[in-house]
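Here's the structure we're looking at; comments come further down.
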Amino acid sequence: MNQEQHRQHSDSVATATAINIMDILKNIVLRTRIFKELELLPKKEYSEEFTYRPLVYYKGKELIEAASKGSYVMVWDCALPWDFIKHYLPPTRVSNCLIEKMLSGYSSHYNATLDTLSSLTDRLLNTSRRETPLEPLRLNIEDAVRHNHLDIVQYIHTRIPGSFKMVQIVCYYASKNGNLAMLQWIKLNTALEFYRDCVRTAAMHGHLDVVKWLFNELDRVKGKEDNWNTMDWAAKGGSVAVMEWLQSTRSEECATTFAMDWAAMNGHVNALQWLQTNTTAGCTRAMDLASREGHLQVCQWLQTNKSQDQHICTKAAMDWASMRGHLHILEWLHKNRSEGVSSSSKTKVNKKGSSMAYKE
């Protein structure tokens with residue numbers, strides 16, 4: 001199948017899928033059943049760094065009814081597009097409290113867009129009882145950085161000069177996300193400083209371009225890698241490409257025992273293999289940590305390749321495996337290691353409530 005035939009086939013499949021979905025939604029019986037099933041889904045909470053927001057489901061008519069009563073969940077909970085929400089915003093002057101809640105809720109939402117935010121801001125300012133109630137935008141600029149909304153960050157910075165004062169954490173968020181464009185913009189437009197956690201989190205998440213930029217472009221970073229253990233953090237995330245680059249730029253050892261220990265803890269066999277071949281750092285608590293997290297393949301690799309390292313495994317391995325309910329780890333440790341289990345952990349009850357007994 002040539003390229004043109006492949007494209008036509010893909011288009012026909014997509015069209016057929018779209019038609020089938022539309023047919024289902026047009027069927028009132030099926031549509032009703034689908035939405036009833038959705039209502040039964042658990043509304044679990046999800047984490048956004050240090051905050052938790054509930055997963056909430058709304059029907060269109062519920063959003064419209066709420067707006068008629070002055071509750072604009074379509075703005076602050078759902079972050080719906082401007083073409084929808086503009087029809088339900090209050091036509092007359094509204095309280096500053098409501099304006100601030102709308103701007104705060106929308107600008108901090110991960111689905112926010114610049115088009116809707118700017119239109120919403122202009123509309124609300126026209127109904128405001130004071131000139132510029134834009135403080136919520138400044139307060140939520142770190143959320144915009146965390147969600148990779150560079151255009152919104154630029155908009156807030158333009159509307160409220162000095163928005164980046166006292167929000168050093170944005171450098172960390174941009175580094176963690178691997179958003180090089182955001183970092184470059186922050187450097188050019190603010191006085192914020194980059195610190196070691198920026199390099200560490202970029203390395204751990206495998207953002208090689210960001211790691212290179214932090215090392216090559218910022219004088220405050222150059223020559224200070226010894227104090228930051230960047231190799232260890234790259235190993236923690238299994239970021240072999242970052243580890244290779246760090247190794248190529250240094251003439252001396254730049255990994256410590258934390259590198260293997262953390263790689264083992266997070267189940268990164270590929271990182272362990274690379275460290276074994278390219279460094280002499282060794283490890284200390286690697287098997288204990290791998291057992292705690294249930295990584296059997298890591299335990300097996302360590303047994304084959306690093307069993308000579310002192311303290312690679314202690315009684316903590318079985319203790320932690322028992323507390324976490326990792327029966328497969330316990331069975332493997334019992335057959336392949338001699339450390340045993342501490343007397344206080346002969347019988348542990350895991351989180352599910354089932355008791356496990358061990359033999360010496």
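In terms of the working numbering, the sequence shown has 138 at position 138, counting the first letter as 1, and numbering is strictly consecutive. Even for Gly, the Cβ is constructed at its ideal location relative to N, Cα and C.
(message) Is the separation between the beta-carbon of residue 296 and that of residue 328 shorter than 7 Å?
(response) yes
(request) At 4 residues or longer, and completely inside the stretch 185-214: list those alpha helix (DSSP H) runs for me, N to C. (result) 196-204
(message) Excluding the 5 residues flanking residue 212 on each side, which residues of the same chain have their C-beta closer than 8 Å to its C-beta?
(response) In chain order, 245 place their CB closer than 8 Å to the CB of residue 212, counting only its own chain and leaving out the 5 sequence neighbours on each side.
(request) Just list the alpha helix (DSSP H) runs in the stretch 130-178, keeping only unbroken ones of 4 residues or longer that don't cross its boundaries, in chain order. (result) 135-139, 141-146, 150-159, 169-177
(message) Can you give me the C-alpha to C-alpha distance between residue 48 and residue 274, rounded to a whole angstrom?
(response) Any reading at residue 48 needs caution, since the residue's pLDDT is 49, under 50, leaving its predicted position unreliable; the model's value is listed next. Going by the C-alpha atoms only, they are around 32 Å apart.
(message) Just verifying my parser: in three-state terms, what is the DSSP assignment at residue 222?
(response) Bear in mind that a pLDDT of 49 at residue 222, under 50, signals an unreliable position, so the number given afterwards is only what the model happens to contain. Look at residue 222 here: in three-state DSSP terms it is coil, with no helix or strand label.
(request) Determine the contact status of residue 79 and residue 112, defining contact as a CB-CB distance below 7 Å. (result) yes
(message) Could you compute how far the alpha carbon of residue 321 sits from the alpha carbon of residue 263?
(response) Approximately 18 Å between the Cα atoms of the pair.
(message) Under DSSP, the alpha helix (DSSP H) around residue 339 begins and ends at which residues?
(response) Careful: residue 339 lies outside any alpha helix (DSSP H) and carries neither H nor E.
(message) Please list the terminal residues of the continuous alpha helix (DSSP H) segment that includes residue 126.
(response) 114-126
(request) Take residue 312 as the anchor and find which of 325, 324, 289, 250 has the nearest alpha-carbon. (result) It is 289.
(request) Consult DSSP for residue 255 and reduce its assignment to one of helix, strand or coil. (result) coil
(request) Could you check the C-alpha separation between residue 110 and residue 156 for me, to the nearest Å? (result) 16 Å
(message) Suppose you measure from the CA of residue 177 to the CA of residue 33; what does that come to, to the nearest Å?
(response) 39 Å
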